[in-house]
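All remarks here apply to the structure that follows.
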Amino acid sequence: MSQNKIVMKGSNLTLSCGENSKEESRKQIWRFKGQILSAGDTSFVPQDLENIRVLAEGRLFIEHVEIKNEGFYYCSLGKSEPLKEMHISVEVTPNVSMVGLSTSDNLSSSRSYGIQCLATGSNQRVTFSWFANTDIYNGVERLTVNNTGDVLAYSSTILYHPKIGDKNISCLTYGRINQSAVAASKKLPDINEEVVKPVQEVAWYGKHVTFSCHPRLEITSLIDWEYPRDSTARVTDDNRNLNIESVGMEDEGDYNCLREEIILRSNDWKLSHVTINNVKMKNHGYYSCFQLDQPANVTFVYVNVVPELEMEVNDEPAESDSQTLHRYRSYKLRCTVKGTFYPVSISWSVNGVTVRERIEHMEPTESYNDNELRDVSSLFTYNPNRGDQNVSCRSNSSDVSNNNMKVLIIKEVISVTAKVTVRRIQWNKDAELLCSYDNTSADLKWKFNTENETESYEIKNCLLNKERPTRSHQCTLELPEVKFINQGQYTCYHGLEEIEVVHLKVIVQLDVFILHGDVPIKNGPLDVYESSSTHSSALPTAQMKSNI
1 MSQNKIVMKG SNLTLSCGEN SKEESRKQIW RFKGQILSAG DTSFVPQDLE NIRVLAEGRL
61 FIEHVEIKNE GFYYCSLGKS EPLKEMHISV EVTPNVSMVG LSTSDNLSSS RSYGIQCLAT
121 GSNQRVTFSW FANTDIYNGV ERLTVNNTGD VLAYSSTILY HPKIGDKNIS CLTYGRINQS
181 AVAASKKLPD INEEVVKPVQ EVAWYGKHVT FSCHPRLEIT SLIDWEYPRD STARVTDDNR
241 NLNIESVGME DEGDYNCLRE EIILRSNDWK LSHVTINNVK MKNHGYYSCF QLDQPANVTF
301 VYVNVVPELE MEVNDEPAES DSQTLHRYRS YKLRCTVKGT FYPVSISWSV NGVTVRERIE
361 HMEPTESYND NELRDVSSLF TYNPNRGDQN VSCRSNSSDV SNNNMKVLII KEVISVTAKV
421 TVRRIQWNKD AELLCSYDNT SADLKWKFNT ENETESYEIK NCLLNKERPT RSHQCTLELP
481 EVKFINQGQY TCYHGLEEIE VVHLKVIVQL DVFILHGDVP IKNGPLDVYE SSSTHSSALP
541 TAQMKSNI
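When the count follows full-length UniProt numbering, it moves up by one through the sequence shown with no breaks and lands on 548 for the last residue.
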């Protein structure tokens with residue numbers, strides 16, 4: 001029996017081999033990394049594992065667990081196979097700190113502040129959660145490695161938008177177990193309310209967008225832009241336009257439009273611009289412009305992505321014109337939402353009625369937390385029926401404006417009318433049911449339904465030779481020594497379509513005699529008796545009374 005256990009560094013741990021008798025406990029042997037630690041109550045613990053002690057009844061006690069204690073521990077009785085296998089993983093509590101926010105200066109409700117939570121010293125993956133009072137923030141998580149690939153630190157960065165009433169901001173780190181959670185918190189200074197009405201700018205995904213910063217003081221002149229040191233932003237012309245190409249995380253931060261109070265000049269009315277080329281979903285959000293460290297303008301960039309909805313029929317693009325389908329075959333209809341960011345669902349309907357069977361949804365493997373577009377598709381195995389007029393798929397997104405629908409118009413469903421016959425077969429005689437079809441395009445098969453329709457199953461499948469298809473294909477069903485249990489409906493299918501229905505009745509010929517005393521006075525003709533039983537194979541009995 002194998003077990004996995006995660007323990008915190010510095011905690012105590014006791015390992016037991018299980019409920020064994022005293023006699024068995026004396027035979028217990030603990031092994032770790034190829035070394036024998038104990039045999040019964042006798043310790044063989046090496047010096048480099050001095051924090052391991054052997055207790056009574058063959059138990060191991062690890063005091064103040066360290067990284068060196070990580071690995072597999074095996075317990076066995078003598079030389080037998082291990083009774084127990086336990087893997088110990090040691091988790092180290094990280095040191096957590098918060099950087100990037102001064103608590104001495106008042107905050108502005110119209111600004112955003114970059115804050116980073118840094119976790120060092122952990123030997124396991126660390127995840128983060130952010131809280132400002134009751135608000136939850138999603139951060140951008142990164143890890144820092146050295147030249148040999150060792151992780152030096154895990155970090156999470158958020159853009160914090162202060163709200164009046166916020167008292168503190170906290171980040172909480174998580175390891176693999178609850179005991180490894182560590183929090184860092186800062187008490188926030190006073191928050192000044194600055195009312196700057198955001199201006200919305202619609203940016204199309206993959207295109208470029210330019211938005212501007214209007215000066216609040218009319219008697220000022222633009223000096224320069226102040227932006228994060230690692231940003232790729234560059235001032236590209238005499239109008240001091242600031243351009244950012246292929247915006248990345250290094251461009252995150254405050255962009256300050258600096259001006260000085262001087263005599264009015266002719267260029268005071270020129271606007272300062274920010275251009276984002278090749279817009280991505282990560283560029284969606286608020287952009288604040290400041291003048292002399294005061295908010296001058298807030299632009300909300302709404303990244304608009306319009307996904308395309310495509311429909312395929314048997315892996316081929318669906319035709320815009322109406323299509324002629326065949327009843328005997330099924331069709332693989334696939335609807336794909338191309339290039340969506342928001343979570344999306346796809347539903348199917350036939351003739352306006354929602355269907356929920358034979359549908360397989362293909363979700364993307366990527367997380368919805370990334371900033372890339374993805375494709376989502378749904379596969380519907382459609383079996384057409386006579387009278388069907390259309391099949392439609394509809395995409396539903398959290399962004400209602402991106403909902404879409406595709407419709408497959410059905411001109412006609414070609415089908416045949418099944419031939420229905422009644423066959424009467426004498427009890428205990430052989431019977432043969434023949435089904436044939438010209439211009440066969442699919443397999444022929446026989447299906448049987450009992451007379452009272454309590455059971456239904458396929459009894460023969462005549463596969464079509466796809467390499468050498470014949471103009472006429474047939475499927476013969478042989479029923480030797482027919483019994484009453486064979487009564488019922490036999491249906492021959494060409495693919496999914498019924499082409500022949502045979503109602504099989506089992507009959508019995510009875511010799512009828514009219515007796516006068518013990519002497520037959522009339523040898524009656526053969527008559528027919530039909531049984532309603534589908535479960536008995538015994539002959540029925542019949543009586544005939546005569547008044548002579």
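For every residue, glycine included, the Cβ atom is placed at its ideal position computed from N, Cα and C.
Run through DSSP, which three-state label would residue i get?
i	result
L13	strand
I36	strand
S456	strand
Q47	helix
E478	strand
N243	strand
L222	Note on L222: pLDDT 41, under 50, position unreliable in the model; no value is reported.
N403	coil
R356	coil
K27	helix
K167	coil
A56	helix
E19	coil
N133	coil
Considering only residues of the same chain and omitting the five flanking positions on each side of residue i, which have a CB-CB separation below 6 Å?
i	result
T299	V199, E201, F211 and Y287
Q489	N449 and H503
W204	N304
N106	P189, D190 and N192
R424	K505 and I507
R53	F61
C492	C435, W446, I499 and E500
CA-CA distance, residue i and residue j?
i	j	result
residue 549	N314	Any property of residue 549 remains undetermined from this structure, which presents the chain solely from 1 to 548.
Q426	E500	21 Å
A56	V140	51 Å
T127	P94	11 Å
G10	E24	31 Å
T381	G495	14 Å
M281	V209	13 Å
I29	V90	23 Å
P46	R176	30 Å
S390	M311	Sequence inspection shows Asn at residue 390; the Ser mentioned does not correspond to that position. Using only the alpha carbons, I get a separation of about 13 Å.
P343	G352	24 Å
Y137	L49	44 Å
T454	S129	58 Å
S104	K406	58 Å
L309	D438	39 Å
Buried or exposed: where does residue i fall if 16 or more other Cβ atoms within 10 Å of its Cβ makes it buried?
i	result
K68	exposed
Y302	exposed
F341	buried
T173	buried
V99	exposed
D321	exposed
V422	exposed
P162	buried
C132	In the sequence under discussion, the amino acid at residue 132 is Ala, which differs from the Cys named in the question. Buried is the call here.
N404	buried
I459	exposed
Tell me which same chain residues have a C-beta within less than 7 Å of the C-beta of residue i, skipping the five on either side of it?
i	result
R207	Looking at the sequence itself, residue 207 is Lys, so the reference to Arg does not match. Around K207: V279.
S345	N396
N283	A203, V247, I276, V301 and V303
H464	Note that residue 464 corresponds to Leu in the displayed sequence, not to His. Cβ neighbours of L464 beyond the five flanking positions: T440, A442, D443 and H473.
G18	L83 and K84
Report all residues from its chain with a CB closer than 8 Å to the CB of residue i; omit the five preceding and five following residues, and keep chain order.
i	result
T14	L55, R59, L60, F61 and I62
D430	E478, L479, P480, E481 and V482
*Would you be able to state if there are at least three C-beta pairs under 8 Å between the region 476-485 and the region 391-406?*
Not touching, per the Cβ criterion.
*asked:* Assess contact between the region 108-124 and the region 31-49, defined as three or more Cβ pairs (one per stretch) separated by less than 8 Å. Is contact present?
replied: Counting C-beta pairs closer than 8 Å gives fewer than three between the region 108-124 and the region 31-49, which falls short of the contact rule.
*Just checking, does the region 413-422 make contact with the region 318-331 on the three C-beta pairs under 8 Å criterion?*
Contact holds between the region 413-422 and the region 318-331, because three or more Cβ pairs, one in each stretch, are under 8 Å apart.
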